[in-house]
Structure formats: C-alpha cells, structure tokens
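Heads up: the structure comes next, in structure tokens.
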Amino acid sequence: MNLYWLQSGGCSGDTMSMLNYEGNIFKLFENLNINILWHPSLSAIDSNTHDKLLQDILDEKIALDILCIEGNVVLGPNNTGLFDTFRGKPKKELIKKLSYKASYVIAVGTCASFGGIGSYDEMQGVGLQFHHTKEGGFLGKEFRTKEGNKVINLPGCPIHPKALENILYKITSKSPIQFTKRNTDKEYYNFTVHQGCTRNEYHEYKVEEKDFGERGCMFFHMGCKGPTTLAPCNKYLWNEVNSKTRAGVPCFGCTRSDFPQPYPFFQTRNIIGTPLELPKGVDRAHYLAYKDMAWAAAPQRLIKRTQRV
Amino acid sequence: MKIELDIPLNRVEGDLDIKVTIHNNKIIEAKSIGTLYRGFENILKGRAPLDSLVLTPRICGICSLSHLLAAAKALDNAYKITPPPQAVRIRNISILAESLQSDLRQHYLMFMPDFTNEIYNDFSFFSQANSLYKPFQGYFPRKILEITKEILKIIAILGGQWPHTSHIVPGGIASKIYTPELLEILNLAIKTKEFLENEIYCQSLEELEKIDSYNSLEKNISRYPSSQQAIFTNIAKKTNLFNIGKTGYGYISYGVVDNPLNPNTSFIPAGYSDGKNIYQFNQEKISEDSTYARFKSDASLHPFDGKTEVDIEKKDAYTWVKAVRYDSKVAQTGPLAEFLMSKDPLFFDLVEKFGDSVYVRQLARVFRPAKFIKYIIDLTQEALRNIQEEVYIKPHPNKNAIGYGLTAAARGALGHWIKIKDDKIDSYQIISPTTWNGSPKDINGNYGPWEKALLGLEIKVQDNPVEIGHVIRSFDPCLVCTVHSIENKKLTYKIGF
C-alpha cells in the first residue's frame with residue numbers, strides 16, 4: 018500500500034517517536050508492504066519530483082492508500098490558514114484535497130486528532146475530524162474517505178510507536194477495527210494510564226504527594242491524570258523501558274481531547290480536598306468514603322515512603 | 087539574467103523554503119522562509135509558571151528535552167535556587183543523550199542522503215553513498231535508528247519517555263534515581279561507545295582524541311579509510327564542501343552542561359569567539375533588533391524587554407523574526423562553536439585553513455558524539471558513587487520574578503527568558519539555535535548566517551540545487567521552533583522563535 022506523510026501544525030514529535038519503534042521502523046514498512054511515497058523527514062527526492070508526485074496523487078495516477086497527517090490543521094490567522102503554508106498557499110487546502118483522495122486517513126498524534134497544542138490560541142489549530150470533544154473538526158462530521166472511512170485518530174503527545182504499528186497492521190491486513198466514539202481503536206486505547214503505574218499501592222491507600230521528589234501518588238494534588246486518561250502508557254512502556262508516572266512525572270492527559278487543558282498542570286482541581294474529576298463511573302460520595310477508609314488503613318511503609326516505586 | 091528560485095527543503099525538522107535569486111549561476115540574494123507559525127510565546131502567556139515544563143518541550147519534537155532544561159533553569163533562576171549536584175548530573179546525562187542521538191540522526195539520516203542525489207551519478211563515491219546512506223534502505227539509516235533508540239532509552243529511564251517528558255523541575259529533578267537504573271544507563275552508554283568505536287570512527291575514542299590538526303586528521307584518515315570521518319572528508323573534497331557555506335561570522339555558545347558542584351560554570355565554557363580568540367560570555371549582551379522585522383520598535387532590546395507589536399506597514403521590513411545579535415555582532419552556534427570554546431586544536435586549525443565551511447561545520451557534528459559519550463559515562467559513574475544524595479530542593483516560588491535559562495541544545499545555544507507576575511507567566515521569550523543561525527538582516531545591514539553562507543554559492547543545475555541543501559543542512563536547521571514569525575505574502579521569514 019502507498020503511504021504519504023504530511024506534517025502540518027506540529028513539532029515533528031510523532032515522527033521522532035515513530036523512529037523509536039522497538040523493531041526497525043523501515044523493516045516494519047517492508048513487512049507490511051507499505052511503500053512510503055513521501056515522508057518529509059526521511060525522503061530524499063528533490064522538490065520537483067515531489068511536486069510531480071503530489072500532482073499524480075491528486076490526478077489519481079498514483080493510488081493514495083494511506084494518508085498520515087501529523088500536527089493540527091492551522092486555521093489562523095482569522096481562518097485564513099496563512100500561519101501554515103505550502104508553496105505559498107494555506108496547507109489546509111492541500112490537506113483537504115489529499116484527504117478526499119485517500120482510502121484511509123490517519124490523524125497521527127493529539128494535534129491532528131483533536132487540535133492539541135495551539136487549539137486554544139491564535140494559531141486556531143483544529144483536529145482533522147474533531148475539535149476537542151466536538152466531532153466535525155476540519156473535514157466535518159460527515160467526511161468519509163473514498164472507501165467510506167472516518168478519520169482514524171491516534172491520539173498521544175507524542176504517539177506511541179506501537180499505536181502506529183497496531184493501526185498500520187490492521188489497515189494493511191484488512192482486520193476489523195472497533196472504534197470508540199472519538200474514532201480511536203478501542204483495543205489499543207482501552208487502558209487508563211493509571212493501570213500498571215508502579216505507584217498504584219500508594220494510590221490505593223491515598224498516600225498522596227504535594228511536591229516532587231517523593232514516591233507517593235500524584236492524583237490528588239499534583240495534577241496527575243492517570244486515572245482519567247485512556248492510554249496504555251503503563252502497559253506498553255515508553256522507549257520499551259518506562260513511563261512518566263513511574264519516573265515521578267504526573268500524567269498530563271496527552272491523549273485526551275482537551276489536551277493541553279486550559280488550566281494549570283501540576284495542580285489537581287478539587288472540591289474540599291477531592292479531585293474534581295474522578296475516575297470514570299465513580300460515585301463521589303462512595304469514593305470519598307472509600308478513600309478515607311483506605312487512608313486509615315495505610316501501612317507505615319507507605320506513609321513513611323520507604324516502599325520504592 | 088536573474089532567476090528566482092523557491093526551493094522547499096525537506097529533511098528539516100519543520101518546513102523550510104529557501105528563496106534565492108541567481109545571477110550567472112551564483113546566488114546573489116537569499117531568504118529562508120519558515121512556513122509555520124504556532125505562537126508559543128502567546129500560548130504560554132497567562133499560564134502557571136510550571137506549565138512551561140509541559141508546553142515548551144512541545145515546541146520541538148527533536149529538542150524537547152533541551153527546551154525542558156532551559157525552562158526549568160529559567161525557573162531555578164527566577165526562584166533563586168541551585169539544584170543539588172546529583173540532580174545536575176541527571177539533567178546533564180539527559181540532555182547529552184538527546185544531543186548525541188540528534189547528531190547521529192542529523193548526519194546519517196539528514197545530511198548524507200544528499201550525496202545519493204542523481205546529480206552525483208558520475209562521481210566515484212556515488213555507489214558507496216547509495217549503499218551507505220540511501221533513505222530507508224541504506225546501511226547507516228538502519229544502523230543509526232537502532233543505536234539512537236537505545237541512546238534515547240537513557241532519557242526514558244530517567245524521565246519516563248522521549249520525546250516530551252517533564253522530569254526536570256525547578257530545584258532539581260522529579261524523582262530519585264537508583265542504582266539498578268543507573269547501571270542500565272551505564273550499559274546503554276557503553277554499548278553506544280562501542281558502536282561509535284567500531285562502526286563510526288573505526289578506532290578507540292582515546293586514539294581519535296589525539297587528532298590535533300588537519301595534518302594529523304589526514305594521517306588518521308589514511309590509516310582508517312573506512313571510518314566515517316574518512317568517507318565524509320573524501321566526499322567533501324569532491325563536492326567542494328571545503329570552500330562553500332562560509333560566513334566569516336563569529337561563534338556563540340552558552341556552555342555545555344553545568345558543573346554539578348558549581349552549576350554557574352560548565353564543562354565547555356560559554357563564550358563568544360571570532361575564530362581566533364575567545365571572549366567571556368555575558369547574557370546581557372544578547373539583543374534583538376527589528377529593523378527588518380515587522381514589529382514596531384526599532385531599538386535593539388534584551389529578551390527581557392522584547393516587544394512584539396506587529397507593524398504590517400513598516401517600510402523595508404521583510405520578516406517576522408527579529409535579528410538576534412551578541413554585542414551587536416552576528417554569531418553562529420552549534421557543535422563547531424562548542425569545539426572552539428573548548429579550545430580544541432583540530433577545529434582551530436580547520437577554521438584557520440578552511441574557515442567555517444560546510445565541511446568544517448559538519449565535521450564538528452561528526453566528532454561531537456565522541457566527546458558526549460565520554461561525558462555520559464563519567465557522569466553516570468559519578469552519579470552511582472553519589473547515589474545517596476538528594477535530587478530535589480523545594481523552591482519557594484516568588485509570585486513576581488524574572489529568570490533566564492541558558493543551555494546547549496543539539497543545534498547550539500538555547501535560551502528561555504521568563505517574567506512572572508502574580509504567579510502567572512507575564513512574558514516568555516525563547517531564542518533557539520535556529521534563531522541565531524537563521525536570523526535576518528540587522529540594523530547595520532548584516533545578513534544572518536544562513537543568508538551569508540548562501541551568498542555567492544554556485545548552483546550547477548538550477549532544477550536540482552543540491553548545494554543549497556549542503557549549506558543549510560550543515561547548520562542543522564530546526565524550523566518547528568518558529569514562535570514569533572508570521573506569513574507575509576511572498577517574502578517571508580519564519581525562522582527561530
């Protein structure tokens with residue numbers, strides 16, 4: 018299958034993360050029979066050849082099976098799109114044209130999926146088919162590819178290389194994909210970041226931190242979004258070795274559609290000492306009672322932080 | 087006849103268009119056009135000071151750790167806190183690992199693939215270049231991916247992941263590191279050192295270190311003809327890289343990694359050099375002027391005082407990037423600047439013989455990993471010996487404060503300047519390495535380094551101006567960092583911050 022990779026309003030972080038794939042990413046493309054028509058960081062064809070390639074895709078002389086968009090669609094300033102141009106024209110025009118030529122469109126990363134960095138600001142970044150929680154985004158709610166597919170969202174800032182591998186495998190092998198209401202692959206994203214965090218026992222007994230440098234849980238005060246964020250960070254580890262929460266860094270909810278939240282990181286918004294946002298489906302009164310009892314039962318090795326994480 | 091060419095340059099982090107005017111096959115005018123504006127300084131304004139630790143890494147997927155360190159150091163400075171020695175060691179290991187892998191990826195995935203360009207079809211190195219550097223298939227692109235992802239594990243062990251983590255915080259690092267983790271890092275570092283010795287330099291790092299002049303480099307190359315410095319030098323001779331891309335400008339570095347016991351000093355000192363002498367560095371001498379930028383103020387201002395009031399109608403302005411200067415002088419930054427600040431005899435000799443040509447600038451990037459891997463190994467061993475030490479001192483944030491954080495990113499001098507008012511970010515200024523190297527003309531009419539390096543460059547085939555790629559890539563451009571530069575019809579400048 019032919020793949021074309023376009024970078025728009027982003028930082029190239031997803032490409033950088035992709036290169037950390039645990040096998041060799043070039044070999045993965047070969048194994049899946051993916052022919053990279055163009056990747057801006059990796060391809061070496063000159064600009065004239067690239068121009069011709071683009072024209073051939075738009076003229077449907079070359080089949081565009083998979084279109085990967087990395088970064089958000091830039092609408093600013095004032096909906097002109099001139100903050101992000103390709104050959105002097107707003108890049109959003111090219112994104113739209115290519116999207117209608119593709120069989121599958123993949124929104125690589127949170128910016129492409131939901132808007133992400135710059136989605137609350139003058140840049141006016143939007144996701145391909147979502148803006149934050151709202152369906153629609155740049156291409157509109159009704160958009161379907163040539164083969165009738167919605168945009169497939171791969172949120173994460175950055176994406177985990179496994180998320181990309183998973184979706185490319187499913188597309189190339191025509192495996193069925195079960196989607197969430199945010200158009201993400203349910204099988205891949207059906208974990209909370211909290212699951213598998215090595216600080217879980219501290220969380221269990223409500224042994225909570227207010228500052229860096231300690232071993233306890235960061236959910237109640239330090240803004241950790243582990244329990245409210247869907248991503249397998251503590252199941253499929255980063256760079257194969259670790260995760261932010263294991264390293265004492267709160268989860269910032271980077272796969273969430275509201276990332277980067279318009280309120281402070283490193284602080285938990287709370288009501289009378291309990292997080293405003295509780296794990297999904299939890300009853301607040303019961304949760305409070307459970308946490309107070311858990312705290313009363315907390316063993317000294319946790320209270321004194323002697324237990325490693 | 088004058089011809090205008092507009093060349094999109096790929097294999098750059100972010101989008102870059104180069105606009106050149108060619109007369110008699112020579113470039114007589116050059117403009118570099120970044121094509122993306124994200125407005126990070128405005129994204130940060132009004133947010134909590136610590137949010138800079140989450141947001142600034144996301145300026146750039148390849149320098150994300152460097153931005154994190156600069157942001158944390160700006161807060162250290164604002165809150166008047168000195169991080170404990172063990173935290174400085176961990177910070178150093180993190181940023182050195184990022185720069186080391188960046189150098190490897192830049193040379194073997196970005197710079198060398200240009201020699202597989204069909205324009206070199208008849209050159210003796212062509213088939214070798216193809217087998218070694220061809221994108222996706224070549225030997226080195228694959229090998230380099232495998233080793234760089236091992237190097238990046240070092241950062242993930244310390245900070246959770248790469249890119250985009252936030253384990254460096256004002257006062258130190260977020261969490262204590264233990265012996266098993268440091269031993270894992272040591273193993274990865276030793277594996278990297280062996281890779282460099284066996285696959286890149288084809289000799290021990292100790293032997294490599296003895297090269298102290300161009301003459302001894304030539305001897306070394308003839309002894310190890312399959313080494314990467316030999317292959318690069320050979321190709322450089324045949325493609326005129328010894329002569330092109332010169333700016334004649336000075337060099338700037340903010341210093342490479344802080345001394346753990348005295349973080350006001352660094353392993354490689356900060357400084358400004360004219361290529362012969364080294365002068366003491368003082369951040370107060372950094373200024374930006376907007377003579378050719380579409381902003382209201384014409385005066386040269388320090389980043390703390392920088393204003394960004396747009397003036398669309400301003401006469402003669404052709405850019406949205408201010409010209410950053412040191413003591414009113416144009417300066418370039420990157421590995422070559424660092425070698426000069428460390429008084430390296432080889433690079434002083436090379437600069438004297440060949441100026442700041444593409445060859446010399448890029449060779450610094452080929453050699454820097456040898457230096458950095460030794461630092462990483464030494465720092466890890468030192469961290470192991472001091473495993474009991476604290477890694478975090480709680481700062482006492484002042485609701486109103488100003489601070490700056492300077493560091494060495496892979497591409498050179500990176501600085502963040504923060505002003506905090508009522509516990510919120512009031513202003514945030516970022517000057518990235520690409521702001522230095524890709525700056526526009528200044529109040530005195532001096533071109534920025536990229537522009538100067540392109541002037542006079544001969545373009546053999548106008549449809550395939552590969553020479554421009556060599557020159558610009560030797561600066562390792564990073565365009566995703568664009569912060570305050572906005573689209574302006576045809577002549578656009580969108581570089582740096």
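Those protein sequence lines, which keep their order, are chains Z and U. Per this note's numbering, the very first residue in the first sequence carries number 18; after that it's consecutive. Per this note's numbering, the very first residue in the second sequence carries number 87; after that it's consecutive. Idealized CB from N, CA, C, for every residue including glycine. Keep in mind the model is a prediction, meaning the values are calculated, not measured.
Cβ of residue i within 7 Å of any chain U Cβ
i, result
"residue 202 of chain Z", "no"
"residue 173 of chain Z", "no"
"residue 239 of chain Z", "no"
"residue 228 of chain Z", "yes"
"residue 111 of chain Z", "no"
"residue 30 of chain Z", "yes"
"residue 41 of chain Z", "yes"
"residue 256 of chain Z", "yes"
Interface residues of chain U facing residue i [CB-CB closer than 7 Å]
i, result
"residue 277 of chain Z", "140 and 141"
"residue 18 of chain Z", "None at all; the shortest Cβ gap to chain U is about 15 Å."
"residue 269 of chain Z", "140"
Residue from the options with nearest C-alpha to residue i
i, options, result
"residue 266 of chain Z", "U/140, U/546, U/563 and U/550", "U/140"
"residue 111 of chain U", "U/246, U/519 and U/554", "U/554"
"residue 162 of chain Z", "Z/175, Z/112 and Z/299", "Z/112"
"residue 152 of chain Z", "Z/130, Z/141 and Z/134", "Z/130"
"residue 388 of chain U", "U/149, U/408, U/402 and U/449", "U/408"
"residue 309 of chain Z", "Z/134, Z/221, Z/197 and Z/194", "Z/221"
"residue 136 of chain U", "U/504, U/109 and U/292", "U/504"
"residue 70 of chain Z", "Z/218, Z/115 and Z/139", "Z/115"
"residue 209 of chain U", "U/126, U/324 and U/458", "U/324"
"residue 88 of chain U", "U/482, U/103 and U/116", "U/116"
"residue 232 of chain Z", "U/188, U/477 and U/130", "U/477"
"residue 230 of chain U", "Z/43, Z/223, Z/224 and Z/57", "Z/43"
"residue 118 of chain Z", "Z/109, Z/88 and Z/80", "Z/80"
"residue 66 of chain Z", "Z/280, Z/279, Z/54 and Z/175", "Z/54"
"residue 605 of chain U", "U/448, U/278 and U/151", "Residue numbering for chain U in the displayed model covers 87 to 583; residue 605 of chain U lies beyond these limits and cannot be assessed."
"residue 97 of chain Z", "Z/23, Z/88 and Z/108", "Z/108"
"residue 519 of chain U", "U/223, U/221 and U/341", "U/341"
"residue 329 of chain Z", "Z/77, Z/215, Z/239 and Z/306", "Since the first residue of chain Z shown is 18 and the last is 326, residue 329 of chain Z is not available in this structure."
"residue 530 of chain U", "U/352, U/254 and U/386", "U/386"
8 Å Cβ cut-off: residues of chain Z touching residue i
i, result
"residue 157 of chain U", "Result: empty, since nearest Cβ-Cβ is about 12 Å, beyond 8 Å."
"residue 253 of chain U", "261, 264, 265 and 266"
"residue 222 of chain U", "43, 46, 53 and 59"
Within-7 Å CB hit, residue i to chain Z
i, result
"residue 89 of chain U", "no"
"residue 144 of chain U", "yes"
"residue 570 of chain U", "In this prediction, residue 570 of chain U has a pLDDT of 41, which is less than 50 and means its spatial position is unreliable; what the coordinates show is noted afterwards. No, residue 570 of chain U lies away from the interface with chain Z (no Cβ there is under 7 Å from its Cβ)."
"residue 246 of chain U", "yes"
"residue 239 of chain U", "yes"
"residue 375 of chain U", "no"
"residue 581 of chain U", "Bear in mind that a pLDDT of 28 at residue 581 of chain U, under 50, signals an unreliable position, so the number given afterwards is only what the model happens to contain. So no, residue 581 of chain U is outside the interface."
"residue 209 of chain U", "no"
"residue 577 of chain U", "Caution applies to residue 577 of chain U, whose pLDDT of 29 falls short of 50 and renders its modelled position unreliable; the value that the coordinates give is listed next. Chain Z contact via Cβ: absent."
"residue 199 of chain U", "yes"
"residue 586 of chain U", "There is no way to answer for residue 586 of chain U, as the model of chain U reaches only from 87 to 583."
"residue 182 of chain U", "no"
"residue 148 of chain U", "yes"
Contacts that residue i makes with chain Z (C-beta to C-beta distance below 7 Å)
i, result
"residue 549 of chain U", "65"
Chain-ordered chain U contacts of residue i [CB-CB under 8 Å]
i, result
"residue 36 of chain Z", "191, 231, 234 and 235"
Where residue i sits in the DSSP three-state scheme
i, result
"residue 91 of chain U", "strand"
"residue 503 of chain U", "strand"
"residue 553 of chain U", "helix"
"residue 165 of chain Z", "coil"
"residue 327 of chain U", "coil"
Where residue i meets chain Z, residues with beta-carbon distance less than 9 Å
i, result
"residue 134 of chain U", "280, 281, 282, 283 and 284"
"residue 137 of chain U", "277, 281, 282 and 283"
Closer than 9 Å at the beta carbon, the chain U residues around residue i
i, result
"residue 143 of chain Z", "Per Cβ cutoff of 9 Å: no residues; residue 143 of chain Z is ~14 Å from chain U at best."
Problem - Cβ pair count under 8 Å reaching 3, the region 557-566 of chain U against the region 532-541 of chain U - result: Contact holds between the region 557-566 of chain U and the region 532-541 of chain U, because three or more Cβ pairs, one in each stretch, are under 8 Å apart.
query = Looking at C-beta atoms only, is the number of pairs between the region 493-502 of chain U and the region 243-257 of chain Z that lie closer than 8 Å three or more?
reply = Proximity of the region 493-502 of chain U to the region 243-257 of chain Z falls short of the contact definition, fewer than three beta-carbon pairs being nearer than 8 Å.
- Cβ contact (3+ pairs, closer than 8 Å) linking the region 459-473 of chain U and the region 483-491 of chain U: no
* Please confirm if the region 333-342 of chain U is in contact with the region 357-369 of chain U, defined as three or more CB-CB distances below 8 Å between the two stretches. => yes
Using a Cβ distance threshold of 8 Å, determine whether the region 124-134 of chain U contacts the region 275-288 of chain Z, with at least three qualifying pairs required. yes
* **Cβ pair count under 8 Å reaching 3, the region 421-428 of chain U against the region 347-361 of chain U** => yes
>> Taking 8 Å as the cut-off, does the region 147-159 of chain U touch the region 174-184 of chain U (at least 3 CB pairs, one atom from each stretch)?
In response: yes
ask   = Between the region 196-206 of chain U and the region 234-251 of chain U, are three or more C-beta pairs nearer than 8 Å?
value = no
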